[in-house]
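Numbering of the sequence shown is given in UniProt numbering, commencing with residue 1 and proceeding in unit increments.
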Amino acid sequence: MGRAARWVEGFSRALAGRRGQRRAFQVLTLVTVAALLPITWLFVSADSLVTDVEDAPSAPVAVVFGAGLYAGGKPSPYLAGRLNAAAKLYRKGTVQAVLVTGDNSRTDYDEPTAMRSYLVRRGVPRDRIADDYAGFDTWDSCTRAKRIFGVDKALLVSQSFHIRRAVALCRAAGIDVHGVAVENEHDATWWYGGAREVVAAAKAAWDASVRPAPRFLGPREHSVDKALSASR
């Protein structure tokens, strides 16, 4: 009998008795609690800072996170929902500029440019939009907004399943933020996104504690400053 087979046999015997079953239940309970701690942290730390477009407080900048493109560079429905909300915040005068942050790691995939074009078509002037081409994940977007673009206060725009994580991470990066939750149809993508947050919350807790450097840092950029100056 191989080592693995002996281990399985021994484990099965351990579970056969009442004591073994009780220990297995205790281990399962501990694992479940540990898995849920990060997502609980997100709700406790960020839930009171989440609002909607109509009730959002004023801030200099709206930060919009990338959420996928279709063929030809068309924003996905989830990204379009975020951009529509940002455009509305601008038209209402709630924000004076928009920072679009997303993935441009390949020459054939450019979220920020697609996001900017979408906003311009919806009435946001080009000179009020700043582009971050290295927002590869939420932490990178938040820490680059602070360290590269000099954002100190902002409204974050994303779907409700993601916005609490974005708020918690941007606060950890040193930005004074509120989150604007966008609602989309609760389709398979929505439920997948919600389930994914349980796993993503663990990485968020790590990022908020360790505060690693983003994948790309680089020199200070002034496109947000210029966008805000154009609004005056």
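A virtual CB, placed ideally from N, CA and C, is assigned to each residue, including glycine.
Only a predicted model underlies this, so the values are computations on that prediction, with no experimental measurement involved.
In the DSSP assignment, residue 101 falls within the beta strand (DSSP E) that extends over 97 to 101. The continuous beta strand (DSSP E) containing residue 153 extends over residues 153 to 159. In this structure the segment 97 to 114 touches the segment 127 to 142; the number of beta carbon pairs closer than 8 Å is three or more. The beta strand (DSSP E) runs of length 3 or more contained entirely in the segment 86 to 144 are, from start to end of the chain, 97 to 101 and 129 to 132. In the three-state DSSP reduction, residue 198 falls in the helix class (H, G or I). Look at residue 162 here: in three-state DSSP terms it is helix. Around the CB of residue 93, fewer than 16 other CB atoms lie within 10 Å, so the residue is classed as exposed. Relative to residue 172, the option among 150, 115, 139 and 158 whose CA is nearest is 139.
Exclusion of the five residues before and after residue 111 leaves 66, 69, 102, 103 and 104 as the residues of its chain whose Cβ lies within less than 7 Å of its Cβ. When the beta-carbon positions are compared, residue 157 and residue 86 come within less than 8 Å of each other. The C-beta of residue 88 has 16 or more other C-beta atoms within 10 Å across all chains shown, which makes the residue buried. Beta-bridge analysis with DSSP links residue 216 to no other residue. Annotation for residue 176: the continuous beta strand (DSSP E) segment containing it runs 176 to 182. With a contact defined as Cβ atoms closer than 8 Å, residue 64 and residue 83 qualify at about 6 Å.
Rounded to the nearest angstrom, the gap between the Cα atoms of residue 151 and residue 80 is 23 Å. Distance from residue 163 to residue 50 at the Cβ level is roughly 6 Å; contact confirmed, criterion being Cβ atoms closer than 8 Å. With a 10 Å radius around the Cβ and a threshold of 16 neighbouring Cβ atoms, residue 207 comes out buried.
Around the beta-carbon of residue 212, fewer than 16 other beta-carbon atoms lie within 10 Å, marking it exposed. One thing to note: residue 169 has its Cβ within 8 Å of the Cβ of residue 204.
Residue 230: member of the alpha helix (DSSP H) spanning 223 to 230, first to last residue. Taking a C-beta distance under 8 Å as the contact criterion, residue 154 and residue 227 do not qualify as a contact pair. The beta-bridge partner set that DSSP reports for residue 65 consists of 101. The beta carbon of residue 182 lies closer than 6 Å to those of 81, 82, 85 and 159 in the same chain, with the five residues before and after it left out. The shortest C-alpha to C-alpha distance from residue 209 to any of 62, 174, 91 and 134 is the one to 174.
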